[in-house]
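The structure appears right after this line, and notes come after that.
Chains as they are written, first to last, in our numbering: chain A, 190 to 609; chain B, 55 to 276.
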């Protein structure tokens, strides 16, 4: 009797199996990112997928998290992002060692797919956090690392991508000084990217203040040409308060370091970019790629997060969304692979011989006719099929494409063809 | 020569959108041809025509750089886009309405925080409105002919958009409350707003005469 399926044997909504060649691309991209992270002195950590719900503060992220209860009825959640777990780890497990802590990760995070627009319930992030330093050089260093990663993966700035850079304390500081009562509403409107609401609110303010309230967040332009900074300085020359003046100075230092890193050309300044509400305390940035409507990566300075864990440590960092990143990477050739047919001792010897000369070999221990062998090879992404031939070390090689013709060759000949 | 792709909504604010874009010097003439094409190109600007409720989707995903859409749609969908300008045109009101004969009864039920059934094309807006008033509602999402629902007993009242109130009157519905007012907005994709800032700013500046600062009608606090 045939067994009837009694369960849902599909992946859960928003999750998926990742198969080759996509999985290969994901893992390879992760590897290359890790290598760049290491070059900048970051050490990789792995945190648990489950955290206590209390660890996470932001209501929106808590809302978006999968929750469950442990045997003691404590509410747990699947981490919806990595910055908070790393902050917890830094405050808790690294308390004995001297800051700053330069930590990196490459892990999946989880969000209920119905919340917000995210279509995926599980997606992969790679990122770094510098915990325990307030220096603008660290902000610039992480941005430079991000640019380095994207360039290493074959993207070019500013044609393929740009880092949009803001300083949330400039506009925030100005508002707290010039329009303290309207500030919370204005910042909420700007965090929602609603300039119409910003304009509405600005009309209740004195003319000069109102004009600055409308115009500062609309200042956008390449970081290299200086015009946005000049405009900002023009406002900062007036009555904007110490916080805004300091924020602008901080932004200048970050830009000077970016220039020294040689990646100022990748940055677009946007003084209206303040990021999530009440989260970023200094520079904040988002990476956009041409042809993709979403952010590829985002980050910034969040000096208040560690308070939550009882530490007074400033921090800065970014997260790259790997699925989105991979979708914009230039196409890459598949790694070479050869399928060697046969379960004879000769076949096994030939497979080892080929591997020792650097050819990746999948030995299929079956006697398949060439047509089936070619079909199998194509299904595993192998461009070549090969049979042992009579005679010392002789091999028959053919392309796995339909109609591939066999020719007689040696292991060295095979290596030459497959690895070329 | 803007190099932008602009999403234009069919329906009520189509003409307003064309006037605003045309006023900004974009070649919108092609859109008035009565073709069945969905995508038009003129002088380096591409136009796509879609349902109003789809405009934010195209823009959020970056399939269009800029779009024109009613505030009502934005409040309902809360898309992650940049809202740049109030065009001030296409004004209409989001209202709560009920059949004239049952209006008093429905109002009383709402006041007593009884659960009323509400038919609407704007379920999130309706839910937010009732929650904001501390009242309870069972929201029934429909796609069209909302006015029909209370007439056949599907719902006690409706939350819907009205410009002139004609359809409401014709179906013997009376307005119980104003929820919000809505006008046409210019929205932009988050990435396009930064990467094509110059082009988008130029477009907005050119729209200025029509969308210049005006005292907008005060909104009801919610």
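Backbone N, C-alpha and C fix where the C-beta goes; we use that ideal spot for every residue, glycine too.
Here the structure is a predicted model, which is why all the values come from computation and not from measurement.
query: Which listed residue (B:257, B:102 and B:233) has its alpha carbon closest to that of residue 182 of chain B; result: B:233
query: Members of the segment 342-366 of chain A near chain B, C-beta cut-off 7 Å; result: 351 and 353
query: Per-residue burial, residue 431 of chain A [other beta carbons within 10 Å of its own, 16 or more giving buried]; result: exposed
query: Distance between residue 494 of chain A and residue 264 of chain B (C-alpha atoms, nearest Å); result: Residue placement at residue 264 of chain B is poorly supported in this model, since its pLDDT is 44, which falls under 50; the coordinates still yield a value, given next. Taking the straight line from one Cα to the other gives about 45 Å.
query: Selected residue, minimal CA-CA separation from residue 268 of chain A, among A:262, A:261, A:279 and A:256; result: A:256
query: Short Cβ contact (8 Å threshold) for residue 85 of chain B with residue 103 of chain B; result: yes
query: Cut-off 7 Å between Cβ atoms - residues of its own chain near residue 210 of chain A, not counting five sequence neighbours on either side; result: 523 and 570
query: Proximal residues to residue 82 of chain B (C-beta, below 6 Å), its chain only, five neighbours per side dropped; result: 72, 75 and 76
query: Proximity to residue 99 of chain B [Cα-Cα], best of B:193, B:204, B:165 and B:60; result: B:60
query: Neighbourhood of residue 469 of chain A by C-beta, 8 Å cutoff - its chain only, sequence neighbours within 5 removed; result: 357, 463, 489, 490 and 491
query: Which of helix, strand or coil DSSP assigns to residue 272 of chain B; result: Here residue 272 of chain B scores only 38 on pLDDT, less than 50, and its place in the model should not be relied on; the value that follows carries that caveat. Coil at residue 272 of chain B, not helix or strand.
query: Any 3 or more C-beta pairs closer than 8 Å across the segment 585-604 of chain A and the segment 530-546 of chain A; result: yes
query: Chain A residues whose Cβ lies nearer than 7 Å to that of residue 115 of chain B; result: 482
query: Beta strand (DSSP E) segment containing residue 450 of chain A, residue limits; result: Unbroken run through residue 450 of chain A is the alpha helix (DSSP H), 431-450; no beta strand (DSSP E).
query: Collapsed DSSP secondary structure at residue 510 of chain A in the structure displayed; result: strand
query: Neighbour flag for residue 585 of chain A against chain B, beta carbons, 8 Å; result: no
query: Residue burial classification, residue 393 of chain A (beta-carbon count within 10 angstroms, cutoff 16); result: exposed
query: Residue burial classification, residue 499 of chain A (beta-carbon count within 10 angstroms, cutoff 16); result: exposed
query: Every unbroken beta strand (DSSP E) within the segment 303-379 of chain A, with a cutoff of 3 residues, ordered by chain; result: 311-320 and 350-356
query: Alpha helix (DSSP H) runs contained entirely in the segment 453-525 of chain A, provided each spans 4 or more residues; result: 511-517
query: Residue nearest to residue 252 of chain A in terms of C-alpha spacing, selected from A:264, A:199 and A:405; result: A:264
query: According to DSSP, residues forming a beta bridge with residue 232 of chain B; result: B:149
query: Chain B contact residues for residue 410 of chain A, given Cβ-Cβ distances below 9 Å; result: 251 and 252
query: Beta-bridge partners of residue 233 of chain A, as assigned by DSSP; result: A:293
query: Span separating the alpha-carbon of residue 304 of chain A from that of residue 241 of chain B; result: Note that residue 304 of chain A scores a pLDDT of 46, beneath 50, so its modelled location is shaky; the value from the coordinates is reported in the next line. Taking the straight line from one Cα to the other gives about 22 Å.
query: Closest by C-alpha distance to residue 227 of chain A, when choosing among A:242, A:258, A:461 and A:318; result: A:318
query: When A:409, A:484, A:316 and A:424 are compared against residue 461 of chain A, the one with the closest alpha-carbon; result: A:409
query: Closer than 8 Å to chain A by CB, residue 213 of chain B; result: no
query: Contact with chain A by residue 130 of chain B, beta-carbon distance below 8 Å; result: no
query: Span of the beta strand (DSSP E) around residue 74 of chain B; result: Segment 68-77 is the alpha helix (DSSP H) holding residue 74 of chain B; no beta strand (DSSP E) there.
query: Distance between beta carbons of residue 272 of chain A and residue 244 of chain A, contact taken as under 8 Å; result: That pair is no contact at about 11 Å.
query: Residue-level contact to chain A via CB, residue 140 of chain B, 8 Å cutoff; result: yes
query: Within 7 Å of chain B by C-beta, residues of the segment 372-401 of chain A in sequence order; result: 382, 383, 384, 385 and 389
query: Where residue 477 of chain A meets chain B, residues with beta-carbon distance less than 8 Å; result: 244, 245, 248 and 249
query: Residue-chain proximity (residue 137 of chain B, chain A), Cβ-Cβ < 8 Å; result: yes
query: Nearest-angstrom Cα separation, counted from residue 223 of chain A out to residue 235 of chain A; result: 13 Å
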